[in-house]
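Trainee: Mind having a look at this structure? Questions to follow.
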Amino acid sequence: MASPVDPGRSRTAGGAHRPPLGSQQRLRAIPLPHLGQSDHLSLLLTPAYTPLRRSAPPQTKTITTWPQDALSQLQDCFLHTEWDVFKHQDLAVHTESVLSYIKYCVGNVTVDKRICVFPNQKPWMTSQVRTLLKVRNAAFRSGDREQYSAARANLRRAIKKAKADYRRRIEDHLSENNPRQVWQGIQQLTNYRGRNTTTVNSSISLAEELNSFVARFETSRTSQTSASSPPQPPPAHSTHSLTVQVQDVRRVLSGVNPRKAAGPEGLPGKVLKGCADQLSQVFTTIFNLSLTQAIIPACLKSSTIIPVPKKSAPDTLNDYRPVALTPIIMKCFERLVLHHIKAYLPPTLDPHQFAYRANRSTEDAIAIALHAALSHLEPRESYVRMLFIDYSSAFNTIIPAILVCKLSALGLDTLTCSWISDFLTNRPQKVKLGPHFSSTRTLSTGSPQGCVLSPLLYSLYTFDCSPTHLSNTIVKFADDTTVVGLISEGDESAYRDEILKLTSWCSDNKLALNITKTKEIILDFRKSRADPASLYINGDCVERVHTFRFLGTMISAGLSWTANTAAVVKKAQQRLHFLRVLRRNNVGEKLLVTFYRSTIESLLTFCISVWFSQCTEAERKKLQGVVNTAQRITGC
């Protein structure tokens, strides 16, 4: 009996190893009977990998289908509803009654349906192709060669026609200016960013561990303070307090994305968008009562955490990103409050915060940091130390009491400050991992990653993190903080004092520094330079690196762009594969160019004004090579 053969280790006549031909998949050899009277043994080579149909079992899902007249029935129902019957002196009871009634009406006009989704399901597969596939398999089992040949030919023609029809549908979406349908079709056709088939062992115990890990910054002191302090009466009315209008609520409801997942309350966005005219009045009443009383019902600020793996095989709890699903109606409410807060903030607030600001981007942040460094490196006896700070779950460490004090100092009215404080405290939270749910925890620390207000609140929480020395610059992009220390004549006292004060500021504001991921780069072009002393933060030495990915761009200590260019070219070449797949599917030139500009050209031109002028001729040729290859594929 012959043993399995690895084609990657097969030998030539001279005994040398022969590499596999055109395939990276290992093959398994199955011995078959001898060929006639010869001594040669025939081998059947079969792929050694596990087919996708077996490695990823089919999933059974329950989906909600909407009959053709379901939305019109809901509109008529809500139009003739007496909403006053749901009013209650307790705002929480009032809100829960309204939401429960809407869900009850939705359940009466929709139909739940269970479907089975196979991992290898092709987007162009039709019922006709499935039928012909069964006919071909039956002909193969019958042993009739002519019947099998005819069935196989019919199947090939049907598959070719189905692919052509699917391609035409995608191109029609492009001509109809429907980018979402175009992009979804391209993703299914090329498997671009395909579904991760790695299975995660989900269990109730793991869900509980993740819930405890997300809530690890919740201190007992904070919980005791929230539980022991009696509820405060609403503050006096301010002339700058927010009052929402019906037309504003109707506008935000009409702008809801119906494809977004519903939150813990289970109210789909399709209902809010389709019935915006009928529901705007009742939600305006609820929103204004909430703003007047500075109280948010628990059903509106509850969240369900969906752990998203940061890598294919998570090893620790920190390998999951906690994405919060919050009620869609609460997101609409937050957008109204967000507009109100921005209206009272000074335009010059925190000029070196480049995230969540109009007309600002990562390119601006990188350009400011590099401009400060390059300008300082021109004189002699000067060098630059750049410290890239990493926080541990920055959004989850916001202390509401500290934030409210800062908002008051910025001139925000007391009523809105109290509303924000209630928004961040006593938040019910649970973790959903597969079919399992953890127990509910009540948090009063941090802001959920997924709320509309969270980015702005974090920016306001850190607006006073500014340099105290003129020779230092602090550049911020959300929770990515970079300290640029300009050193002259070897005097690092201002830089080190800046780090000490920043560490103290983090301690006062309860932000946890992650020293393990905090890195430092030294830009030093002096001819006679000594190795500067290492930097220590809280007794831990900060690792000094030669290259660092700063907001998506690779920066090196020599200010060369070799590493960045290599990373860009490698990623662009990987995406050229999907462009070739589209070409093999006979996609039109217009759609090929659209895909190139969306996925490849955008990658090549990311922050191009920062690094392209300093690239070498060889690096520019590599970049141009990607463009030339794309031109040959697209034919233009």
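Note that the numbering used here numbers the sequence shown so that position 311 is 334, with each residue one more than the last. Yeah, the Cβ is synthetic: ideal placement off N, Cα and C, and Gly gets one too. From a predicted model like this one, the values you see are computed outputs, not experimental measurements.
Leaving aside the five residues before and after Thr-133 along the sequence, list all residues of the same chain whose C-beta is less than 8 Å from its C-beta, in chain order.
Mentor: Thr-87, Thr-88, Trp-89, Pro-90, Ala-93
Trainee: If Phe-460 and Ile-319 are in contact, beta carbons under 8 Å, what's the gap, nearest whole angstrom?
Mentor: No, Phe-460 and Ile-319 are not in contact; Cβ-Cβ is about 23 Å, not under 8 Å.
Trainee: Using only the alpha-carbon positions, how far apart do Pro-146 and Ala-390 sit?
Mentor: 43 Å
Trainee: Skipping 5 residues on each side, what residues in its chain have a beta carbon closer than 8 Å to that of Leu-677?
Mentor: Residue 677 lies beyond the stretch modelled for the chain, which goes from 24 to 659, so this question has no answer here.
Trainee: Over the uninterrupted beta strand (DSSP E) stretch that includes Tyr-406, give me the two end residues.
Mentor: 405-412
Trainee: Give the list of continuous beta strand (DSSP E) stretches no shorter than 3 residues that lie fully inside the segment 295-371.
Mentor: 326-332, 343-348
Trainee: Below 8 Å CB to CB, which residues in the same chain sit around Leu-479 once its five sequence neighbours on both sides are set aside?
Mentor: The residues are Leu-361, Ile-364, Lys-365, Tyr-379.
Trainee: So, does the segment 539-553 touch the segment 567-575, judging by three or more C-beta pairs under 8 Å?
Mentor: yes
Trainee: Buried or exposed, going by whether 16 or more other CB atoms sit within 10 Å of the CB of Asn-651?
Mentor: exposed
Trainee: Distance, Cα to Cα, His-111 vs Pro-287?
Mentor: In this structure, the CA atom of His-111 is about 22 Å from the CA atom of Pro-287.
Trainee: Is it buried or exposed for Ser-516, if we count other Cβ within 10 angstroms and need 16 for buried?
Mentor: Burial is judged here by how many other beta carbons sit within 10 angstroms of a residue's own beta carbon; Ser-516 has fewer than 16 and is exposed.
Trainee: Measuring straight from C-alpha to C-alpha, what distance separates Asn-449 and Tyr-484?
Mentor: Linking Asn-449 to Tyr-484 through their CA atoms gives a straight-line distance of about 19 Å.
Trainee: Pick helix, strand or coil for Glu-119, following the three-state DSSP scheme.
Mentor: helix
Trainee: So, is Thr-327 buried or exposed, given that buried needs 16 or more other C-beta atoms within 10 angstroms?
Mentor: buried
Trainee: With DSSP as the reference, identify every bridge partner of Glu-566, one or two as the case may be.
Mentor: Under DSSP, Glu-566 takes part in a beta bridge, and its partners are Lys-542.
Trainee: How many Å lie between Val-269 and Phe-310 at the Cα?
Mentor: Each residue's alpha carbon lies about 10 Å from the other.
Trainee: Can you check whether the CB of Leu-627 is closer than 7 Å to the CB of Ala-595?
Mentor: yes
Trainee: Compute the distance between the beta-carbons of Thr-213 and Phe-573, then report whether it is under 7 Å.
Mentor: no
Trainee: Considering Phe-500, what are the terminal residues of the beta strand (DSSP E) in which it resides?
Mentor: 495-500
Trainee: So, with DSSP's three-state summary, where would you put His-57?
Mentor: strand
Trainee: For Gly-575 and Ala-115, I'd like the C-alpha separation in whole angstroms.
Mentor: If you take the alpha carbons of Gly-575 and Ala-115, they lie about 44 Å apart.
Trainee: Determine which residues share a DSSP beta bridge with Ser-579 and list them.
Mentor: Thr-570
Trainee: So does the segment 633-647 actually touch the segment 578-592, counting three or more Cβ pairs closer than 8 Å?
Mentor: yes
Trainee: Is there a Cβ of chain B sitting closer than 7 Å to that of Pro-478, yes or no?
Mentor: Chain labels in this structure do not include chain B; a single protein chain is all it has.
Trainee: Exposed or buried, what is Val-140 when buried is set at 16 or more other beta-carbons lying within 10 Å of its beta-carbon?
Mentor: exposed
Trainee: What first and last residue would you give for the alpha helix (DSSP H) that runs through Asp-195?
Mentor: 168-198
Trainee: Which partner residues of Gly-508 appear in the DSSP bridge assignment?
Mentor: Arg-408, Asn-495
Trainee: Going by DSSP, what residue range makes up the beta strand (DSSP E) through Gln-82?
Mentor: 82-88
Trainee: With 16 other CB atoms within 10 Å as the buried threshold, where does Lys-499 fall?
Mentor: buried
Trainee: Under the rule that 16 or more other beta-carbon atoms within 10 Å means buried, what is Phe-548, buried or exposed?
Mentor: exposed
Trainee: Is the segment 293-306 touching the segment 99-108 in the sense that three or more CB pairs, one from each, lie closer than 8 Å?
Mentor: yes
Trainee: Using a Cβ-Cβ cut-off of 7 Å (strictly less than) and excluding sequence neighbours within five positions of Ala-641, which residues of its own chain qualify?
Mentor: none
Trainee: Can you give me the Cβ contacts of Leu-534 inside the same chain, cut-off strictly under 7 Å, excluding the 5 residues immediately before and after it?
Mentor: Tyr-414, Ala-417, Thr-420
Trainee: If you draw a straight line from the C-alpha of Tyr-127 to the C-alpha of Asp-271, how long is it?
Mentor: 26 Å
Trainee: Determine the direct distance from the alpha carbon of Glu-169 to that of Ala-176, and round the result to whole angstroms.
Mentor: 11 Å
Trainee: Using the Cα positions of Pro-257 and Leu-410, report the straight-line distance between them to the nearest angstrom.
Mentor: Low confidence applies to Pro-257: its pLDDT is 47, below 50, so where it sits in the model is not reliable enough to give any reading.
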